[in-house]
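Residue numbers (the UniProt record's numbering): 1 to 279.
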């Protein structure tokens, strides 16, 4: 399946090849060279691009005069191999490499590769926001999207709605009774130039320091000083926002729920959740 134009260094995706190239130049990252100019679509490898051009456009990309076959060369080891099969065997077996064959990327350690493979890097955007047409890779991504306030819904309203859903097993530290009562007021802190200590802007609540006043105010308006609202029923770890709790589940750190269970649970609760927030 074709994918968005993606950076081979950080796996960030872009809607156009121009956007990818601008990002690669700015960050000095490696752009994806495997894209079909006729379709403006990127592919994960040269082989995938060749297969696309052969089947979709009816000509042999690999056999054209102006094409070059992918050289079986390992940049990390500065070693040339007899063919791509031998190179792939080397990348798979060598302790010097932690190679992801899905995105042709090497990682510094085996644990980094495992973390990458367990991440959302290769997932499709299958989850739709209940308030807009935005598509996301995971339930936690949608939760973060809504909590950001982009739909004029505050993170406090999201938290109150989740509490009122009476999820079983219980994840709420503060069990609500009666109908949902979203907070009508909440404290907003605004820092001024008086927060400057001579070198940094210092938070008067936690003494964290920031380079700019804007950065300090963004910190004060975040959930950094909110109370913890949710608790994992298995490991008892506590979270301020529901997005943090769902990310914890998706990471499978404590094994409380499998990805399929999380995704199915999210699908069942979406309508109920959005209904509570639009009452």
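Note that beta-carbon positions come from the ideal geometry of N, C-alpha and C, so glycine has one too.
Look up residue i in the DSSP assignment and say whether it is helix, strand or coil.
i, result
"residue 236", "coil"
"residue 85", "helix"
"residue 41", "strand"
"residue 178", "In this prediction, residue 178 has a pLDDT of 46, which is less than 50 and means its spatial position is unreliable; what the coordinates show is noted afterwards. Three-state result, residue 178: coil."
"residue 262", "helix"
Per DSSP, what are the beta-bridge partners of residue i in this structure?
i, result
"residue 105", "100"
"residue 202", "209"
"residue 172", "230"
"residue 74", "79"
"residue 22", "DSSP, once it has assigned bridges, lists no residue as partnering residue 22."
"residue 34", "In DSSP, residue 34 forms no bridge with anything."
"residue 245", "According to DSSP, residue 245 bridges with nothing at all."
"residue 92", "For residue 92, which the question treats as bridged, DSSP gives no partner whatsoever."
"residue 256", "According to DSSP, residue 256 bridges with nothing at all."
Assuming the contact rule is C-beta atoms closer than 8 Å, residue i and residue j should be a hit. Round their C-beta distance to whole Å, please.
i, j, result
"residue 262", "residue 143", "Incorrect: roughly 12 Å between the Cβ atoms, too far for contact."
"residue 137", "residue 120", "4 Å"
"residue 202", "residue 159", "Actually they do not touch by this definition, with Cβ atoms about 28 Å apart."
Comparing C-alpha positions only, which one of the options sits nearest to residue i?
i, options, result
"residue 96", "107, 103 and 240", "107"
"residue 189", "248, 119, 130 and 206", "206"
"residue 200", "193, 211 and 192", "211"
"residue 147", "164, 129, 133 and 21", "129"
"residue 116", "124, 127 and 102", "102"
"residue 247", "118, 92, 22 and 150", "118"
"residue 34", "197, 192, 255 and 5", "5"
"residue 237", "173, 225 and 218", "173"
"residue 234", "228, 169 and 203", "169"
"residue 231", "135, 245, 250 and 85", "245"
"residue 124", "109, 22, 132 and 141", "141"
"residue 187", "154, 214 and 161", "154"
Tell me, please, whether the CB atom of residue i is closer than 8 Å to any CB atom in chain C?
i, result
"residue 146", "No chain C is part of this structure, which consists of one protein chain only."
Legend entry - Length at least 4, wholly inside the UniProt domain "C2H2-type" (127-156): the alpha helix (DSSP H) runs in chain order: 139-147
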